[in-house]
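Undergrad: Numbered according to my numbering, the sequence shown spans residues 7 to 67.
C-beta: ideal position from N, C-alpha, C; glycine also.
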Amino acid sequence: MVSGDIVFYGNNSTLHARTSFVSSPNKATNRLLHRVWINPHEHRSFPEDFAKYRFGYDDQI
7 MVSGDIVFYG NNSTLHARTS FVSSPNKATN RLLHRVWINP HEHRSFPEDF AKYRFGYDDQ
67 I
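1) Counting only the same chain and skipping the five closest in sequence on each side, list residues whose C-beta sits under 8 Å from that of M7.
2) Going by DSSP in three states, Y15 sits in which element: helix, strand or coil?
3) Specify the secondary structure class of F52 as computed by DSSP and reduced to three states.
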């Protein structure tokens, strides 16, 4: 990847793990991460339990 590239992953169908994120002290190398919900017309249905997270997590924590 190079600067300016964008990647989309289907989180509900991608097997993954993660470690805790440590922010870089250098603002030029920090990451920018946005959560988006994309529902194409021909998509697999999300479980009903996912609906509570569609508008963010702030009020869920």
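TA: Looking at the atomic coordinates:
1) Residue mapping note: residue 7 aligns to position 1 of the sequence shown, counting from 1. Around M7, the same chain offers V13 as residues with beta carbons nearer than 8 Å, after the five sequence neighbours per side are excluded.
2) Translated into positions along the sequence shown, residue 15 becomes position 9. The answer is coil: DSSP assigns Y15 none of H, G, I, E or B.
3) In the sequence shown, the residue the question calls residue 52 occupies position 46. Correct three-state label for F52: coil.
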